[in-house]
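Just so we're aligned: the sequence shown equals residues 10 to 288 in this note's numbering.
Virtual Cβ for every residue (Gly too), placed ideally from N, Cα, C.
Treat the numbers as computed from the prediction; the structure is a model and nothing was measured.
Let me begin by presenting the structure, written as structure tokens, before commenting on it.
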Amino acid sequence: MPPTPAPSPPTFLYGTAWKEERTSALVELALQAGFRGIDTANQRRHYFEGGVGQALAAAYRAGVVTRADLFLQTKFTYRPGQDHRLPYDPDAELTTQVAQSMASSLEHLGTDHVDSYVLHGPASGYGWTDYDVEVWTAMLAEQRAGRTRFLGVSNVSPLHLRQLAATGAVLPAFVQNRCFARRGWDRDVRAFCHDHSIVYQGFSLLTANIAHLRTPAFARIVSRVGRTPAQVVFRFALQVGMQPLTGTTDPAHMREDLGMYDFELSAEDVRLLEGIAGA
Ligand SMILES: NC(=O)c1ccc[n+]([C@@H]2O[C@H](COP(=O)([O-])OP(=O)(O)OC[C@H]3O[C@@H](n4cnc5c(N)ncnc54)[C@H](OP(=O)(O)O)[C@@H]3O)[C@@H](O)[C@H]2O)c1
Numbered sequence: 010m011p012p013t014p015a016p017s018p019p020t021f022l023y024g025t026a027w028k029e030e031r032t033s034a035l036v037e038l039a040l041q042a043g044f045r046g047i048d049t050a051n052q053r054r055h056y057f058e059g060g061v062g063q064a065l066a067a068a069y070r071a072g073v074v075t076r077a078d079l080f081l082q083t084k085f086t087y088r089p090g091q092d093h094r095l096p097y098d099p100d101a102e103l104t105t106q107v108a109q110s111m112a113s114s115l116e117h118l119g120t121d122h123v124d125s126y127v128l129h130g131p132a133s134g135y136g137w138t139d140y141d142v143e144v145w146t147a148m149l150a151e152q153r154a155g156r157t158r159f160l161g162v163s164n165v166s167p168l169h170l171r172q173l174a175a176t177g178a179v180l181p182a183f184v185q186n187r188c189f190a191r192r193g194w195d196r197d198v199r200a201f202c203h204d205h206s207i208v209y210q211g212f213s214l215l216t217a218n219i220a221h222l223r224t225p226a227f228a229r230i231v232s233r234v235g236r237t238p239a240q241v242v243f244r245f246a247l248q249v250g251m252q253p254l255t256g257t258t259d260p261a262h263m264r265e266d267l268g269m270y271d272f273e274l275s276a277e278d279v280r281l282l283e284g285i286a287g288a
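Written out as structure tokens, the structure is:
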């Protein structure tokens, strides 16, 4: 069977974390399978952004995709989230660090702009600090300079988002969070996103919810729709308005995950899945 092409603009992202020296080969496989949205970060500790760039160059050469077909997303990561392999001068001002990290990302990815630039996580888990205000201002400058089309934030709470909004700054186009079924699939953050026309990107949809995906209630839905558990979860995410991420390292799972475009869940099954954790 030919691979299922992802619709454009992509509603499903291929995540590149934790792949180390396999990054390039796996990203190439993901592009061949049909993924058109790629999520990475200039954080060598967990991502090999240069490997993503190698895969893109190989895919362009082979005629698999062009740059215009793709949605490329990368991230700025504060010093505490990094190891010694830094994409910026740690002694420089945050504004300079953002500019240096972006320049390094563009070099890694072999492009003059990314589609989305994400703050990997706020400086504090407890609110939007002055550090975040400075970084967000610098990220907006990157956007105005044309080096990114959109901006995003990741690992945020409703409080972070409310405090960011209270600064009067332009809000992100994307919020990327770990999505726990036990928190109503991040209900409060998704509600904020819905109210402010922000696209919610969900990661760890499978790994953060293992217990709930082993319940009889979930098994009944899977057997009713005749799809795999992963397809049901990603399809559910799509139907409630999320942009899900998968970082599978298995080409068969890549194809399986893209199979979520070939079916639909009933409104009743979506309702049951929303409440699968009783949250
Ligand atoms: N913003 C952040 O702070 C942050 C944090 C974490 C992740 N992310 C992003 O999200 C991406 C995805 O990460 P994730 O946490 O969701 O986990 P993931 O890397 O997608 O891992 C999924 C796990 O489930 C397994 N699996 C089994 N069947 C699968 C199937 N059909 N489809 C997919 N996986 C299947 C995978 O094994 P196989 O490999 O064998 O399929 C893998 O062990 C990352 O690569 C990264 O881009 C962002």
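CA-to-CA, the gap between ASP195 and ASP78 works out to about 30 angstroms.
The beta-carbon distance between TYR87 and ALA132, rounded to whole angstroms, is 6 angstroms. This is short enough to meet the 8 angstroms contact definition. Under the three-state reduction of DSSP, PHE245 is assigned to helix. Annotation for SER133 indicates a beta carbon at 7 angstroms or more from all heavy atoms of ligand 1.
In this structure, ALA239 has its CB closer than 7 angstroms to one or more heavy atoms of ligand 1. Nearest to GLY268 by C-alpha distance, out of PHE44, THR25, LEU38, is PHE44. For the options HIS169, PHE212, LEU115, ALA154, the alpha carbon positioned closest to that of ASP141 is the one of HIS169. Residue range 80–85 is occupied by the beta strand (DSSP E) that includes PHE80.
Scanning ASP259, ALA276, PHE57 for the CA closest to the CA of SER113 turns up PHE57. In the structure shown, the three-state DSSP call for ASN186 is strand.
Taking 8 angstroms as the cut-off, the beta carbon of VAL234 is found closer than this to the beta carbon of LEU274.
Per the C-alpha coordinates, the member of THR25, GLN63, GLN106 positioned closest to HIS55 is THR25. Within the same chain, and ignoring the five residues on either side of ARG158 in sequence, the residues whose Cβ sits closer than 6 angstroms to its Cβ are ASP124.
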